[in-house]
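Remarks on the structure that follows.
There are 2 protein chains.
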Amino acid sequence: MVEYMNDRLDAVFHALSDPTRRAMLQDLSAGERLVGELAAPFSISLAAASKHIKVLEGAGLVRREVRGRAHVCRLDAEPMHAGMEWMRHYEAFWRGRIDVLEALLLAEDAAKGVDTQPRKTETKR
Amino acid sequence: MVEYMNDRLDAVFHALSDPTRRAMLQDLSAGERLVGELAAPFSISLAAASKHIKVLEGAGLVRREVRGRAHVCRLDAEPMHAGMEWMRHYEAFWRGRIDVLEALLLAEDAAKGVDTQPRKTETKR
DNA sequence: GCGATATTCAACAACATGGTTGAATATATG
DNA sequence: CATATATTCAACCATGTTGTTGAATATCGC
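Keeping their order, the protein sequence lines are chains Y and V. One rule links them: number in my numbering = place in the first sequence (from 1) + 38. One rule links them: number in my numbering = place in the second sequence (from 1) + 38.
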C-alpha cells in the first residue's frame, strides 16, 4: 500500500517533470484533444509526442478513448491529488520558515554576541 | 522568466520523482542531518546518497552548510511552492469533476480565499 | 604527524529518456 | 478500391540517471 503510493508518486512527479508534458496537460485542461492536436504546438515528431502522452497515461493523468482512427485524450487530474497531498505536508515549512528560521538565527547570533544582521530571506549560494 | 519557471519546475518535480529523495526530505523535515545520516536508512553507497542530495540541492530543496568535515543539510521547502501552485490550477478538475464552467467557478472561489471544501473525500471517477 | 572520520571525485556500467526515421496499422473518404 | 489521415511500432542514437568501487580531500582528536 505504501509501496503502491510510492510508485504512484514516482510516476506523477516524473510525468510532471517535463515542460512538454506539462504544456500538454495545460492544453488538455481546456478540453479534449487528439494526439495530433496535442503534438502540434511542439517541433517534435508525432512519435515523440505519442511517447509523452504514454508517459502521462502511465501516470494516470491522461485517459484515451479511441474513436475510429482518432485517439481522443482527456485530462484526469486526480492523480495530482496525491502529489499535492504529499507536498502539502511541507507547506508549513515554506510558510513558517521565515519567522521560525529567522527567530532561530537571531537567537543564535544573539547568544553568540555576533552582530545581528536582519539577514534577508536568505539567498546566498 | 517563463523559461526560468519551467526549469525550476522541471528540477523540483524531477527531484521529487524518486522515493529515496522523498524519504530524505521527509527525514529532513524533522531537523538538520549530515550527509551520512541521510544516507544511513538506505542500502546504497555514500556516493550514491551524495548524488541524491546534490539533486535535491540543485532543485533548491536542500541547503548545505559545511561545518568542518561535516556537511549539514537542511530542508528548504520553498521551491515546492511553485509546484503546488502549478498543481493547484488542476485541483478543480479532480474536485469538481464536472464541466469546465463549474471548474472555473471553483477555481475563482479558491483564488478569492473562499473556503471551498465540498467535503466528501471524493473518490468517484 | 597519524589515524580515524566525513564526504567528494572519477571512472565505469546498466538502464531510462527523449528524440529521430521509416514502415506498419487502422480507418475515413472520394 | 485507392488514397489520404491518424496514430503506433521498431530500431536506433545521444544523453541522462542511478548505482558501483577505489582513490582523493579535508578535518578532527590524540
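From the three backbone atoms N, C-alpha and C, an ideal C-beta is built for every residue, glycine too. This structure is a prediction, so every number in the text was calculated from the model and none was measured.
Residue 105 (chain V) to residue 69 (chain V), Cα distance in whole Å?
-> As a first step, residue 105 (chain V) is located in the second sequence; it is residue number 67 there, counting from the start. As a first step, residue 69 (chain V) is located in the second sequence; it is residue number 31 there, counting from the start. Their backbone Cα atoms lie some 16 Å apart in a straight line.
Within-7 Å CB hit, residue 54 (chain V) to chain Y | For the purposes of this step, residue 54 (chain V) is taken as the residue at position 16 of the second sequence. Answer yes: the Cβ-Cβ gap between residue 54 (chain V) and chain Y drops below 7 Å somewhere.
Touching by the beta-carbon criterion (3+ pairs, under 8 Å), the stretch 81-88 of chain V and the stretch 119-129 of chain V | With fewer than three CB-CB distances shorter than 8 Å, the stretch 81-88 of chain V does not count as touching the stretch 119-129 of chain V.
Look at the alpha carbon of residue 78 (chain Y) and the alpha carbon of residue 102 (chain V), and state the distance between them as a whole number of angstroms.
-> The sequence position of residue 78 (chain Y) within the first sequence is 40, counting from 1. The sequence position of residue 102 (chain V) within the second sequence is 64, counting from 1. The straight-line gap separating the alpha-carbon atoms of residue 78 (chain Y) and residue 102 (chain V) is approximately 43 Å.
Minimum C-alpha distance to residue 109 (chain Y) - residue among Y:72, Y:43, Y:100 and Y:97 = Position 71 of the first sequence, counting from 1, holds the residue named residue 109 (chain Y). The candidate whose alpha carbon is nearest that of residue 109 (chain Y) is Y:72.
At a Cβ threshold of 7 Å, is residue 65 (chain V) touching chain Y?
-> Position 27 of the second sequence, counting from 1, holds the residue named residue 65 (chain V). By this cut-off, residue 65 (chain V) is not an interface position.
Could you give the C-beta distance for residue 60 (chain Y) and residue 66 (chain Y), rounded to a whole number, given that I count them as a contact under 8 Å?
-> Indexing the first sequence from 1 puts residue 60 (chain Y) at position 22. Indexing the first sequence from 1 puts residue 66 (chain Y) at position 28. Rounded to whole angstroms, the Cβ separation of residue 60 (chain Y) and residue 66 (chain Y) is 11 Å, and the two are not in contact under 8 Å.
At 8 Å on the CB atoms, spell out the chain Y contacts of residue 113 (chain V), in chain order.
-> For this step, residue 113 (chain V) is matched to residue 75 along the second sequence. Listed along the chain, the chain Y residues whose CB falls inside 8 Å of the CB of residue 113 (chain V) are 128 and 131.
Is there at least one Cβ from chain Y nearer than 7 Å to residue 79 (chain V)'s Cβ?
-> In the second sequence, counting from the first residue as 1, residue 79 (chain V) sits at position 41. Chain Y contact via Cβ: absent.
Determine the chain Y residues that contact residue 121 (chain V) at a beta-carbon separation under 7 Å, and present them in chain order.
-> To locate residue 121 (chain V), count along the second sequence from 1; it is residue 83. Chain Y residues near residue 121 (chain V): 125.
For residue 63 (chain Y), which beta-bridge partners are listed by DSSP?
-> For this step, residue 63 (chain Y) is matched to residue 25 along the first sequence. Beta-bridge partners assigned by DSSP to residue 63 (chain Y): none are found.
Are any of the Cβ atoms in chain V nearer than 7 Å to that of residue 116 (chain Y)?
-> Indexing the first sequence from 1 puts residue 116 (chain Y) at position 78. Yes, its Cβ sits closer than 7 Å to a Cβ of chain V.
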